[in-house]
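Numbering (mature numbering (1 follows the signal peptide of the UniProt record, and there is no 0)), first residue to last: -30 to -1, 1 to 398.
Listed below in structure tokens is the structure:
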């Protein structure tokens, strides 16, 4: 549907935009700004008054403690309880599926139609920041609050989703919420799967995780595509020995095989001919891990991505051939070369892109079309629903590190664009 093809949409959207502008103009720099207060309560920023929502929950309940998985799980439970409480306070009906995805639903006037959904994740990698994913969950709830305060009545139902374990650090696989491996029975299993067409659209608000928006002074990034990620695990086995007693010509060093493969990854990525091809050796482990012992085993984990699936797959094949050649040259055994996942890229839906552009223009916010080179929950939601992503600037592009930061003003801009986009898509 093109903008203003029906009188009802033409009359409602400008009113929503005006109400949003009025609301945020009066609250954005006030301490009572609900976006700011929610971020403070959730992530532990300083406050000067008693928190009114779940005051028994520690304000730093989502900080990562890598020393104890049990403590991580306890904090995850507290964080989930906090989110469900916020959803309930926002008037959403809340339920949780068999793998822990949490849904908050605002019923529309035509609730039988496929809903418009938005959401992200709240888990994090060790020693990371407070904004990756969290902005998309808290921002989604606040967008619902803004629409409710404006008097908006959705035609299609609106849903907020908290996805389980988007990051791979806890269970070794990303976006765990898309899987159903531990469902106890068929009824649990069927509750997890969503068929194509379950949602009319899915949106995700997220920090850019790169420096472009901040450097160019642009408020909103409209994502047109998400790069295709792949993960590989490689194991070499050689002969260990004393670091001083075994001469270099007689060594079968599994550690050097791993190091050489890491350099081969870099070479094949650079030889792809595209700046969009990237590769990272994020894990390298040596056994026995002693300074005076020749490594007898090595383990490498590789991440490679590209917006072009075939080009990425070519890099993977070249890395595999290099692993075989390195093992032969160094007289070690290539005991494993396993592709853990190899996902296709995702393209944002044209109608969702148009709705995000419409919202940005009517809110007088500068915007830019861009590609996401990091993967997100949206990558997998694109398999069952038209998808779009809204990026906001983050400090120096920092992400997956403690310095990760997004300003309250930028978060509020993202929430406004999300709210107007959801409203427009709900009325289709």
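Think of the CB as a built atom: it goes at the ideal place given N, C-alpha and C, for glycine as much as any other residue.
Quiz item: Whose C-beta lies closer than 6 Å to the C-beta of residue 255 among residues of the same chain, with five residues either side of it excluded?
Solution: Working through the chain shown from its first residue, we reach residue 255 at position 285. 269, listed in sequence order.
Exercise. For residue 187, collect the residues of the same chain with a Cβ closer than 8 Å to its Cβ; drop the 5 residues on either side in sequence, then sort them by chain order.
Key: Sequence index remark: in the chain shown, residue 187 carries index 217 (1-based). So the list reads 336, once near-sequence residues are dropped.
Exercise. Please state if the CB of residue 265 and the CB of residue 214 are separated by a distance shorter than 8 Å.
Key: Translated into positions along the chain shown, residue 214 becomes position 244. Translated into positions along the chain shown, residue 265 becomes position 295. No.
Exercise. Determine the contact status of residue 227 and residue 302, defining contact as a CB-CB distance below 8 Å.
Key: What you label residue 227 is simply residue 257 of the chain shown in a count that begins at 1. What you label residue 302 is simply residue 332 of the chain shown in a count that begins at 1. Yes. Within cutoff.
Exercise. For residue 270, write down the residues that DSSP places opposite it in a beta bridge.
Key: Counted from its first residue, the chain shown places residue 270 at position 300. According to DSSP, which records beta bridges pairwise, residue 270 is partnered with 204 and 254.
Exercise. With a cut-off of 8 Å on the beta carbons, I'd call residue 127 and residue 75 a contact; round off their distance for me.
Key: Your numbering for residue 127 matches position 157 in the chain shown. Your numbering for residue 75 matches position 105 in the chain shown. Contact holds; Cβ gap of about 6 Å.
Quiz prompt | Opening and closing residue of the beta strand (DSSP E) in which residue 311 lies | solution = In the chain shown, counting from the first residue as 1, residue 311 sits at position 341. 303 to 312 is the extent of the beta strand (DSSP E) around residue 311.
Quiz prompt | Nearest-angstrom Cα separation, counted from residue 263 out to residue 324 | solution = Taking the chain shown and counting its residues from 1, the one referred to as residue 324 is at position 354. Taking the chain shown and counting its residues from 1, the one referred to as residue 263 is at position 293. One C-alpha to the other measures close to 60 Å.
Quiz prompt | Cβ separation of residue 277 and residue 230, assumed to be a contact under 8 Å, to the nearest whole Å | solution = In the chain shown, the residue the question calls residue 277 occupies position 307. In the chain shown, the residue the question calls residue 230 occupies position 260. With a Cβ gap of about 28 Å, residue 277 and residue 230 do not count as contacting.
Quiz item: residue 122 by DSSP, collapsed to three states: which one?
Solution: Stepping through the chain shown from its first residue, residue 122 is reached at position 152. Reduced to three states, the DSSP call for residue 122 is coil.
Self-check item: Completely contained alpha helix (DSSP H) runs for the stretch 174 to 243, where each covers 4 or more residues
Solution: 182 to 186 and 224 to 240
Self-check item: Proximity to residue 379 [Cα-Cα], best of 195, 189 and 328
Solution: In the chain shown, counting from the first residue as 1, residue 379 sits at position 409. With distances taken between Cα atoms, residue 379 lies closest to 189.
Quiz prompt | residue 299 versus residue 289 - alpha carbon distance | solution = Here residue 299 refers to the residue found at position 329 when the chain shown is read from its first residue. Here residue 289 refers to the residue found at position 319 when the chain shown is read from its first residue. Answer to the nearest angstrom: the Cα atoms are 15 Å apart.
Exercise. Give the straight-line distance between the Cα atoms of residue 216 and residue 233, rounded to the nearest whole angstrom.
Key: As a working mapping, residue 216 is identified with position 246 in the chain shown. As a working mapping, residue 233 is identified with position 263 in the chain shown. Between residue 216 and residue 233, the C-alpha separation is close to 25 Å.
Quiz item: Does the beta-carbon of residue 129 have 16 or more other beta-carbons within 10 angstroms, so that it is buried, or is it exposed?
Solution: Along the chain shown, one-based indexing puts residue 129 at 159. Buried, by the Cβ-count rule.
Quiz item: Along the chain, where does the beta strand (DSSP E) that runs through residue 90 open and close?
Solution: Along the chain shown, read from residue 1 onward, the residue named residue 90 stands at position 120. Taken as a continuous stretch (DSSP letters only), the beta strand (DSSP E) holding residue 90 covers 85 to 91.
Exercise. Determine the direct distance from the alpha carbon of residue 211 to that of residue 354, and round the result to whole angstroms.
Key: The sequence position of residue 354 within the chain shown is 384, counting from 1. The sequence position of residue 211 within the chain shown is 241, counting from 1. Using only the alpha carbons, I get a separation of about 53 Å.
Quiz item: Mapping DSSP to helix, strand and coil, what is residue 359?
Solution: Counting from 1 along the chain shown, the entry for residue 359 is found at position 389. Here residue 359 carries a strand assignment [DSSP, helix/strand/coil].
Exercise. Kindly indicate the opening and closing residues of the beta strand (DSSP E) around residue 395.
Key: Taking the chain shown and counting its residues from 1, the one referred to as residue 395 is at position 425. Counting along the chain, residue 395 sits inside no beta strand (DSSP E); it lies in the alpha helix (DSSP H) bounded by residues 378 to 396.
Self-check item: Close-in-space but distant-in-sequence residues of the same chain around residue 167 (CB under 8 Å, 5 per side omitted)
Solution: In the chain shown, counting from the first residue as 1, residue 167 sits at position 197. Around residue 167: 84, 354 and 355.
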